[in-house]
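S.K.: Each residue of the sequence shown is one higher than the last, beginning at 1 in the UniProt record's numbering.
Glycine is no exception: its CB is placed at the ideal position from the N, C-alpha and C atoms.
Encoded as structure tokens, here's the structure I'll be asking about.
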Amino acid sequence: MSEMRVVGVRVELPANQPILLLRETEGERYLPIWIGSVEATAIALEQQGVRPARPLTHDLLKEVIGALGRELEHVVITDLREGTFFAELVFDGNVRVSARPSDSVALALRVGVPIHAVDSVLEEAGLIIPDEQEDEVEKFREFLDSVSPEDFRGADT
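Set out below in structure tokens:
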């Protein structure tokens, strides 16, 4: 199992599909995960330190966990089946709750806990970006610095 860090989210054109990009903290593999626009907005808001006027669902969940006296220890991206990623929230006492990776990452960022991915998922979906493509990663980081959460809202919101 590898610890991951959030590089950020971006919108894949022309489909306007948000992608969450994770990278191994002690390795060179990247893990791209297609996510929904609501979750992309939640992740982008937290990364940018933006506090909405009203709590988002992930903020509420953080408060509920604390009110129940539980502690989220980490999240794990556990599986990849037929193109769909799966994750678990791991609480104190090794209590595990199945969750989508996007929700897991949004919550992990708010709580400040590690994000992990099992080796089999990284072996199947992890990408190593050659040195000549590092410039693309830098462009992605620049994109993240210039994007606003509104860019991830769909036309129906």
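Can you tell me where the alpha helix (DSSP H) with V121 in it begins and where it stops?
M.R.: By 1-based counting over the sequence shown, the position of residue 121 is 121. Element bounds for V121: D119 to A125.
S.K.: With which residues is T84 paired in a DSSP beta bridge?
M.R.: Translated into the one-based positions of the sequence shown, residue 84 becomes position 84. T84 pairs with R81.
S.K.: Comparing C-alpha positions only, which one of G27, V6 and T25 sits nearest to Q48?
M.R.: Taking the sequence shown and counting its residues from 1, the one referred to as residue 48 is at position 48. The shortest C-alpha separation from Q48 is found at V6.
S.K.: Pull the bridge partners of H116 from the DSSP assignment, please.
M.R.: The residue labelled residue 116 in the question sits at position 116 within the sequence shown. According to DSSP, which records beta bridges pairwise, H116 is partnered with E3 and V76.
S.K.: Between the C-alpha atoms of V64 and V118, what's the straight-line distance to the nearest angstrom?
M.R.: By 1-based counting over the sequence shown, the position of residue 64 is 64. By 1-based counting over the sequence shown, the position of residue 118 is 118. So the two alpha carbons sit approximately 27 Å from each other.
S.K.: Give me the residue from S104, L22 and R81 with the minimum Cα distance to E73.
M.R.: Stepping through the sequence shown from its first residue, residue 73 is reached at position 73. The candidate whose alpha carbon is nearest that of E73 is S104.
S.K.: Short check: CB of E22 to CB of I33, under 9 Å?
M.R.: As a first step, residue 22 is located in the sequence shown; it is residue number 22 there, counting from the start. As a first step, residue 33 is located in the sequence shown; it is residue number 33 there, counting from the start. A small correction: the amino acid at residue 22 is Leu; Glu does not occupy that position in the sequence shown. In contact: L22 and I33 (Cβ atoms closer than 9 Å).
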